[in-house]
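Numbering (our numbering), first residue to last: -8 to 184.
Glycine is no exception: its CB is placed at the ideal position from the N, C-alpha and C atoms.
Predicted model only: the values in this text are computed from it and were never measured.
Okay, structure first, notes after.
Here you go:
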């Protein structure tokens, strides 16, 4: 049975604030987008199952902390139970219809920031976790370890590229990919300062 060994490994990682180096490598598989043009590829980052399981444990604990401390904005739909794209769209639609019903003008501006997650600076993210969300001690050490020393390499068939350092963002295939987009906490008595 492998479960007791995984529990021991994950508990040790969380207690010491250290992520095993072997969990910090991602291989990127270039997949052709829906196009006939060969130069249009979408990079898919692949991480080990063991890495993703550890990330899921951390993500669950982080979300529980943010929810318990009421640090997530009430209207945030992403990364929250019982919220999704549909709830966000319904809120926007309700606001537009309400504005139109009262005779106001409604303007909707959309901005796609999905690729911006790949450019988030690690030091900025760690500072934000500490100052805005009260993350410290071994938990902050774990995130620091998680982000430092990460590498990626491309793999196509049996060929692989040289490894390169991941200096910003987290691998696209990571369960913790969403941490790059943690919103600023709402202002209020429970918000950490």
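Suppose you measure from the CA of residue i to the CA of residue j; what does that come to, to the nearest Å?
i, j, result
"residue 145", "residue 21", "8 Å"
"residue 180", "residue 71", "For residue 180, the predicted model reports a pLDDT of 35, less than 50, meaning its position is unreliable and no value from the coordinates is stated."
"residue 172", "residue 78", "Interpretation of residue 172 is limited by its pLDDT of 47, a score under 50 that renders its predicted location unreliable; the figure taken from the coordinates is listed afterwards. Cα to Cα, the separation comes out at about 18 Å."
"residue 120", "residue 1", "21 Å"
"residue -4", "residue 52", "21 Å"
"residue 15", "residue 154", "12 Å"
"residue 134", "residue 91", "45 Å"
"residue 40", "residue 96", "50 Å"
"residue 66", "residue 84", "14 Å"
"residue 4", "residue 93", "56 Å"
"residue 177", "residue 60", "Caution applies to residue 177, whose pLDDT of 43 falls short of 50 and renders its modelled position unreliable; the model cannot decide the point."
"residue 182", "residue 89", "Only weak support is given to the placement of residue 182: the predicted model assigns it a pLDDT of 33, under 50, and the value that follows is read from those uncertain coordinates. Each residue's alpha carbon lies about 30 Å from the other."
"residue 114", "residue -2", "29 Å"
"residue -8", "residue 75", "37 Å"
"residue 11", "residue 156", "16 Å"
"residue 184", "residue 126", "Note on residue 184: pLDDT 28, under 50, position unreliable in the model; the coordinate value appears next. For residue 184 and residue 126, the distance between alpha carbons rounds to 11 Å."
"residue 140", "residue 43", "17 Å"
"residue 63", "residue 69", "10 Å"
"residue 225", "residue 116", "The requested residue 225 does not occur in the structure, where the chain is confined to residues -8 to 184."
"residue 9", "residue 46", "13 Å"
Assuming the contact rule is C-beta atoms closer than 8 Å, residue i and residue j should be a hit. Round their C-beta distance to whole Å, please.
i, j, result
"residue 262", "residue 87", "Residue 262 lies beyond the range of the chain shown here (-8 to 184); nothing can be said about it."
"residue 165", "residue 38", "6 Å"
"residue 148", "residue 110", "Residue 148 to residue 110, Cβ: 29 Å. No contact."
Which one or two residues does DSSP pair with residue i in a beta bridge?
i, result
"residue 18", "37 and 144"
"residue 112", "159"
"residue 5", "Looking at the DSSP assignment, residue 5 forms no beta bridge with any residue, so it has no partner."
"residue 150", "147"
For residue i versus residue j, is the C-beta spacing smaller than 8 Å?
i, j, result
"residue 57", "residue 124", "yes"
"residue 50", "residue 167", "yes"
"residue 19", "residue 143", "yes"
"residue 7", "residue 129", "yes"
Hey, quick one: how far does the alpha helix (DSSP H) through residue i stretch, first residue to last?
i, result
"residue 137", "128 to 138"
"residue 92", "76 to 92"
Is the beta carbon of residue i within less than 7 Å of some heavy atom of the ligand GTP?
i, result
"residue -2", "Because no ligand of any kind appears in the structure shown, any question about the ligand GTP cannot be addressed here."
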